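Asks: Residue numbers (the numbering used here), protein chains in the order written: chain U, 10 to 139; chain D, 226 to 297.
Every residue, glycine too, gets a C-beta built ideally from N, C-alpha and C.
Keep in mind the model is a prediction, meaning the values are calculated, not measured.
#1: Going along the segment 99-116 of chain U in order, which residues come within less than 8 Å of chain D, judged by CB to CB distance?
#2: Could you please give the first and the last residue of the uninterrupted alpha helix (DSSP H) stretch that includes residue 267/D?
#3: Where do the N-terminal and C-terminal ends of the beta strand (DSSP E) with residue 247/D fall, by residue?
#4: Which value, in whole angstroms, describes the spacing of the CA atoms of residue 236/D and residue 285/D?
#5: Am I right that residue 26/U and residue 128/U are in contact with their C-beta atoms under 8 Å? What's the rounded C-beta distance?
#6: Pick helix, strand or coil for residue 76/U, following the three-state DSSP scheme.
#7: What first and last residue would you give for the alpha helix (DSSP H) that runs through residue 261/D?
#8: Please name the residues in the segment 28-44 of chain U whose beta-carbon is closer than 8 Å to at least one beta-carbon of chain D, in chain order.
#9: By the 10 Å Cβ neighbour count, where 16 or more other Cβ atoms means buried, how is residue 51/U classified, buried or exposed?
#10: Suppose you measure from the CA of residue 119/U to the CA of residue 36/U; what does that come to, to the nearest Å?
#11: Bridge partners of residue 12/U, per DSSP?
#12: Can you grab the Cα-Cα spacing for the pair residue 240/D / residue 98/U, in whole Å?
#13: I'd like to check one pair, residue 13/U with residue 136/U: are the Cβ atoms closer than 8 Å?
#14: Just how far apart, CA to CA, sit residue 109/U and residue 139/U?
#15: Please name the residues in the segment 274-294 of chain D whose beta-carbon is closer than 8 Å to at least one beta-carbon of chain U, in chain order.
#16: Residue 93/U versus chain D: which residues are under 7 Å apart at the beta carbon?
#17: Would you check if the distance between the CB atom of residue 244/D and the CB atom of residue 279/D is smaller than 8 Å?
#18: List the residues that DSSP assigns as beta-bridge partners of residue 53/U.
#19: Give the C-beta separation of residue 64/U and residue 85/U to the nearest angstrom, bearing in mind that I take them to be a contact with Cβ-Cβ under 8 Å.
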């Protein structure tokens with residue numbers, strides 16, 4: 010079972026995620042926050058543009074923001090998403106406003122995680138997936 | 226250059242490298258430095274001009290002094 014390690018007892022689990030766009034021949038590894046409470050994986054527009062992921066203004070979904078309001082945001086498809094060597098194809102992702110000052114380039118949410126068993130051992134700082 | 230060396234060489238910056246070596250789990254550990262700086266948007270612009278495998282990361286503390294509640 011592949012493992013990643015993080016600081017024990019921290020509540021922020023950051024994972025290296027490889028995003029691939031076959032059409033552009035571009036593959037980029039970014040740091041994402043593991044977010045088991047999120048329906049979708051989410052990326053900021055800078056990542057979509059950099060990868061060359063098509064953003065169709067007609068393809069949107071409604072999200073509930075942390076402020077308690079609803080917002081319509083673009084919904085895109087990522088050719089391949091890989092974490093700890095585990096690949097999923099054609100993963101849905103929403104485009105969100107994620108400031109670069111967070112140091113993050115996305116949230117790894119349910120649209121990827123639903124394919125895997127995910128064990129988060131907070132006391133020991135271990136993430137296992139299979 | 227090794228990723229860990231770059232973190233020390235360019236603290237609190239965004240770093241973009243062309244990947245040359247990954248570990249067994251596919252995480253980049255070494256590569257050619259393409260660009261670095263405070264502006265992540267500029268680095269993503271660099272990626273948009275190229276093909277290949279890249280790693281982009283922030284060398285400082287992630288989510289410093291910030292609590293997170295996201296819904297998506």
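Replies: On the basis of the coordinates in this document:
#1: 103, 105, 109, 111, 112, 113, 114 and 116
#2: Looking at the DSSP string, the run of the alpha helix (DSSP H) that includes residue 267/D is 265-272.
#3: 239-247
#4: 6 Å
#5: No, residue 26/U and residue 128/U are not in contact; Cβ-Cβ is about 18 Å, not under 8 Å.
#6: coil
#7: Element bounds for residue 261/D: not the alpha helix (DSSP H) but the beta strand (DSSP E), 253-262.
#8: Residues of the segment 28-44 of chain U with a C-beta less than 8 Å from any C-beta of chain D: 33, 34, 35, 36, 37, 38, 39, 40, 42 and 44, listed in chain order.
#9: Buried, since its Cβ has 16 or more Cβ neighbours within 10 Å.
#10: 21 Å
#11: 137/U
#12: 27 Å
#13: In contact: residue 136/U and residue 13/U (Cβ atoms closer than 8 Å).
#14: 30 Å
#15: 275, 276, 277, 278, 279, 280, 281, 282, 283, 285, 286, 287, 288, 289, 291, 293 and 294
#16: Result: 250.
#17: yes
#18: Partner(s): none; residue 53/U has no beta bridge.
#19: Rounded, the Cβ-Cβ distance is 6 Å, consistent with contact.
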